[in-house]
Structure formats: C-alpha cells, structure tokens
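Here the structure is laid out as structure tokens; the discussion comes afterwards.
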Amino acid sequence: MLGAIAGDMIGSVYEFDNRRSKDFPLFTEATTFTDDTILSVAVADVLLHGGEYAKAFKDYYWRYPNPTGSYGARFHQWAAAPTLTPYNSWGNGSAMRVSPVGFASTSLEMVLQEAEKTAAVTHNHPEGIKGAQATAAAIFLARQGKAKADIREFITEQFSYDLHRTVDEIRPTYSFNESCQGTVPEAIVAFLDSTDFEDAIRNAVSLGGDSDTLTCITGGIAEAFYGDIPEHIHQAVWERLDEPLKKVVEAFRDRYC
Numbered sequence: 003m004l005g006a007i008a009g010d011m012i013g014s015v016y017e018f019d020n021r022r023s024k025d026f027p028l029f030t031e032a033t034t035f036t037d038d039t040i041l042s043v044a045v046a047d048v049l050l051h052g053g054e055y056a057k058a059f060k061d062y063y064w065r066y067p068n069p070t071g072s073y074g075a076r077f078h079q080w081a082a083a084p085t086l087t088p089y090n091s092w093g094n095g096s097a098m099r100v101s102p103v104g105f106a107s108t109s110l111e112m113v114l115q116e117a118e119k120t121a122a123v124t125h126n127h128p129e130g131i132k133g134a135q136a137t138a139a140a141i142f143l144a145r146q147g148k149a150k151a152d153i154r155e156f157i158t159e160q161f162s163y164d165l166h167r168t169v170d171e172i173r174p175t176y177s178f179n180e181s182c183q184g185t186v187p188e189a190i191v192a193f194l195d196s197t198d199f200e201d202a203i204r205n206a207v208s209l210g211g212d213s214d215t216l217t218c219i220t221g222g223i224a225e226a227f228y229g230d231i232p233e234h235i236h237q238a239v240w241e242r243l244d245e246p247l248k249k250v251v252e253a254f255r256d257r258y259c
C-alpha cells in the first residue's frame with residue numbers, strides 16, 4: 003500500500019496546479035500526505051486489528067481533522083456528525099482508500115466483498131462500490147502476476163470501464179472529476195500505459211484532474227505489479243509520514259506485503 007501513499011503524496015501538490023506533462027519534480031517542499039493516505043491507513047488498521055470501517059474512518063478523521071487538501075465536503079459532514087448512515091456517494095473517495103484490500107485479500111471473491119464493505123459505509127451508490135472493487139481487483143490481479151492484458155480484460159468485462167485508451171488520448175480533454183466513473187478508469191489506464199512504477203505516477207499526474215487521487219489509485223496498482231517502489235521514492239515518502247501512520251503501514255507490510 004506504500005505505492006498508493008507515494009502516489010497521494012506526489013500528486014498532492016498538483017491537484018490545484020495541474021501538469022499536462024510527465025516532466026515535473028516528484029517531490030517538493032510542499033509534498034505531503036492527504037486524506038487519501040489517512041483513510042487508506044484507516045482501512046489497513048481495520049484489516050490488521052478488526053473493527054468497523056465507519057468507526058475507523060471517523061476515528062482517523064478526528065485524529066487528522068485538517069489534512070492538506072481537506073476532506074470531501076460530504077465526507078466531512080458525515081464524519082463530524084453522530085450518524086453512521088451512508089450518504090450514497092459515487093465519489094472517488096471509495097477508490098482512493100481501498101488499496102490495502104487488494105494486498106490483504108486471498109481470493110478475488112474476498113477482494114470484491116471487502117472492497118464493497120470499505121465503500122458502502124459512505125459510498126453506497128453503485129458507482130462508489132464499483133470504483134472501490136475495480137481498484138482493489140486490479141491490485142489483487144497484479145499481485146497474482148497477471149499480465150496487463152488480463153487485468154484490462156477482467157476490469158473491462160466486470161465493471162464496463164473503457165480501458166482501451168492511452169494516456170495521450172485521454173490527456174487533451176480530461177478535466178477535474180471527483181466521480182469514481184471519471185477517475186478510476188483513467189487511473190488504471192495510467193498504470194496500463196506505463197513502463198515502471200515512476201512512469202505510472204508520471205502518467206497519472208500528467209492527466210491533470212484530481213491529481214492526488216488519480217496517483218493514489220495508480221500507485222497502488224503499480225506497486226502490486228512492478229514490486230517494491232524505487233528506493234529514492236520510498237525514502238522520500240517515509241520521511242513525510244508521521245509516526246502513528248508509519249506504525250500501521252509497517253505492521254501492514256510485515257503481514258501482507
């Protein structure tokens with residue numbers, strides 16, 4: 003899941019300063035983690051220690067109430083309120099936080115079931131659930147050593163996403179989109195159209211749009227497919243995480259990665 007966190011961090015400074023090129027610094031003084039990382043760690047925490055996703059999300063929200071980029075408006079309202087009732091979102095928040103499921107699951111059936119659980123506590127709209135499932139499934143299949151063609155075929159058939167495009171074809175007309183259906187396919191294409199982990203991240207950033215979430219989704223899949231992330235990226239990410247987040251990430255990697 004460190005690949006997803008790396009993607010989130012690298013994309014964090016480009017969300018409101020979009021780049022339409024693959025030529026940009028991976029890390030700057032402003033690079034940091036956002037709500038994508040915080041809620042991904044919350045999912046990892048539940049997978050490690052048990053508990054309920056809704057309560058974990060609220061707990062992490064109060065631990066980290068003001069992350070860079072803030073939380074989505076509807077998530078913020080939900081997390082700050084006493085209710086546990088989901089709000090039928092189709093936003094890409096369900097996909098940005100699901101990467102640990104793809105690493106912890108032992109079967110495709112488990113992936114789809116657990117991804118739905120992580121999504122449904124807030125994003126119980128069919129598109130919100132679909133986005134989480136597609137992301138986690140792509141990670142699981144990549145971990146299983148499946149070829150890119152096989153991953154593309156499964157995601158296309160199972161979720162009806164259009165993955166028969168290239169980054170160069172998407173980039174000219176792509177714009178900021180907070181929906182699962184307008185983010186997850188593009189993030190997967192950024193991975194499919196890449197040559198290595200760093201290239202996948204650069205592909206995702208170069209699309210513009212909701213950069214930290216695009217790169218978070220892409221980064222999780224790319225790590226699963228290419229293996230450990232490059233050391234220079236690993237070190238830069240690790241020094242930007244705080245100790246409580248590091249503790250959960252280390253425990254998760256020791257058990258599942």
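Residues in the sequence shown are numbered from 3 upward in steps of one, following this note's numbering.
Glycine included, C-beta positions come from ideal geometry on N, C-alpha and C.
This one's a predicted model, so the numbers in the text were calculated from it and none came from an experiment.
Relative to the Cα of residue 180, the nearest Cα in the group 40, 6, 65, 74 belongs to 74.
Counted as a single uninterrupted DSSP element, the alpha helix (DSSP H) harbouring residue 112 occupies residues 110–122. Around residue 223, the same chain offers 140, 141, 144, 193 as residues with beta carbons nearer than 6 Å, after the five sequence neighbours per side are excluded. The three-state reading of DSSP puts residue 93 in strand, counting E and B together. DSSP places residue 246 inside the alpha helix (DSSP H), whose first and last residues are 245–258. With contacts defined by Cβ atoms closer than 8 Å, residue 94 and residue 256 do not form a contacting pair. Bridge pairing for residue 181: 93 [DSSP].
Residue burial is scored here from C-beta neighbours: residue 52 has fewer than 16 other C-beta atoms within 10 angstroms and is therefore classed as exposed.
Spatial neighbours of residue 232 in its own chain (CB-CB distance under 7 Å, excluding positions within 5 residues in sequence) are listed in chain order as 199, 200. By DSSP's assignment, residue 70 forms a beta bridge with 36. Residue 30 is positioned such that its CB atom lies no closer than 8 Å to that of residue 69. Taking residue 207 as the centre and dropping the five residues before and after it, the same chain places the C-beta of 12, 13, 16, 21, 24, 26, 213, 216, 217 closer than 8 Å to its C-beta, in chain order. Selection 146, 136, 153, 176 evaluated against residue 161 yields 136 as nearest (Cα-Cα). Annotation: the continuous alpha helix (DSSP H) that includes residue 214 extends over 213–228.
Sorting 77, 44, 76, 81 by C-alpha distance to the C-alpha of residue 60 places 81 at the top.
Per DSSP, residue 3 is not a residue of any alpha helix (DSSP H), being assigned neither H nor E. Take residue 118, set aside five residues on each side of it, and the residues of its chain with a beta-carbon closer than 8 Å to its own are 131, 134, 135, in chain order.
Short of 7 Å from the beta carbon of residue 40, and not among the five residues preceding or following it, lie these beta carbons of its own chain, in chain order: 62, 66, 69. For residue 186, the enclosing alpha helix (DSSP H) has its first and last residue at 186–194. Secondary structure note for residue 107: it is in no alpha helix (DSSP H), with a DSSP letter that is neither H nor E. Straight-line spacing of the CA atoms in residue 42 and residue 128 works out to 20 Å. In this structure, residue 3 places its C-beta atom within 8 Å of the C-beta atom of residue 254.
By the 16-neighbour rule on beta-carbons within 10 angstroms, residue 101 is buried.
Secondary structure at residue 130: helix, using DSSP grouped into helix, strand and coil.
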